[in-house]
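Have a look at the structure below before the remarks.
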Amino acid sequence: MSATPEQRGIHSSWIDNAEFWDTNIGLHGNKYWQQLQKPSLERLVPIQPGCKALDLATGNGLVARWLASKGASVVASDGSEEMLKHASRRSSPEEADRISYRKLDVTLPEAFEEFLQSEPARGGFDVVTCNMALMDISDLEPMANALPKLLKKGGIFFATMLHPVFFTSGATRFVEVVTNEETGEYYNTRGKVIREYREKAPWRGVAVNGQPAFQLYFHRPLDVLLGTFFKTGLVMDNMEELYFEKQDAIKERPESSANYTQIPAIMVMRFRNM
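At position 79 of the sequence shown (counting the first as 1) the number is 79 in UniProt numbering, and the numbers step up by one without a gap.
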């Protein structure tokens, strides 16, 4: 099956952005990883030594390296060969012994069918992860349909994404200057305005300021997003909404998500294959 023009555009942007992304995310990740995603992983994904894990849309391998550091045997996959090269280069010798790398386009059913027949997938996985990628994927159904086959019984699918209410909806941000009428002092309050939620066309944006190419974001309301996985038989047994704290504020960038401490930046979902 040949890729659609839209899919080719998605893949092209991640090829173009791969080096820039790797440089900015680095070995230890950005504030989203350090302060939000990694702590959530540690709370929700118990890793036993010797467990098998599959990391989908691995990027430069942050989650794959975390899984390997906990003792898991990991397949790190991505639709971009350029990303996989960066992920492999970032691995320490100890991590490299536990991680194998594989190109896998999560939008193609036949890619999953081929992978399921491969030796690494034999016997299934204890854990499948997809960190900060669901909103970048044009079609989630091939992944959702493959998960019950990829996971062992009781196995975990852990996914994080930009919050579908406050981010992928294209919500606009505002800062208000408010005066305390008793003291005369003024202070800033922040909020978001959501104009489109039920339906929102794919839109172009950036994950990191300055990246060479725009990427496409795909919004899904919660019933559509969760229903895609529920209808395959997966059961969601935990979820989190992740917030930045006041000490994370970036004063020189008033528009930064880190300053919006009352609004969650990320949604986390944990499903099980029952």
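Glycine included, C-beta positions come from ideal geometry on N, C-alpha and C.
Check, Outcome
"Cβ contact check for the segment 17 to 37 and the segment 93 to 102: 3 or more pairs under 8 angstroms", "no"
"Three CB pairs or more closer than 8 angstroms across the segment 128 to 136 and the segment 240 to 255", "no"
"Gln35 - DSSP class collapsed to helix/strand/coil", "helix"
"Member of Val165, Ala72 and Ala111 whose CA lies at the smallest distance from the CA of Phe125", "Ala72"
"Identity of the residue in Glu42, His28, Val268 and Gln37 nearest Pro164 by Cα", "Val268"
"Backbone CA spacing between Ser100 and Val75 [nearest angstrom]", "5 angstroms"
"First through last residue of the alpha helix (DSSP H) which encompasses Asn145", "Glu141 to Leu150"
"As assigned by DSSP and simplified to three states, the class of Asn273", "strand"
"Proximal residues to Arg90 (C-beta, below 6 angstroms), its chain only, five neighbours per side dropped", "Leu27, Asn60 and Gly61"
"Beta-carbon proximity check, Ser12 vs Phe214, cutoff 8 angstroms", "no"
"Proximity winner among Leu56, Arg102, Phe244 and Cys130, relative to Gln262 (alpha-carbon distances)", "Phe244"
"Residue burial classification, Val193 (beta-carbon count within 10 angstroms, cutoff 16)", "exposed"
"Collapsed DSSP secondary structure at Glu94 in the structure displayed", "helix"
"8 angstroms Cβ cutoff met for Lys103 and Glu119", "no"
"Simplified DSSP assignment, three categories, for residue 277", "Past the edges of the chain, shown from 1 to 274, lies residue 277, and the structure says nothing about it."
"Span separating the alpha-carbon of Thr58 from that of Asn30", "15 angstroms"
"Separation of Val128 from Leu54, as counted between CA atoms", "5 angstroms"
"Spatially closest choice to Gln34 from Leu216, Ala258, Asn273 and Cys51, by CA coordinates", "Ala258"
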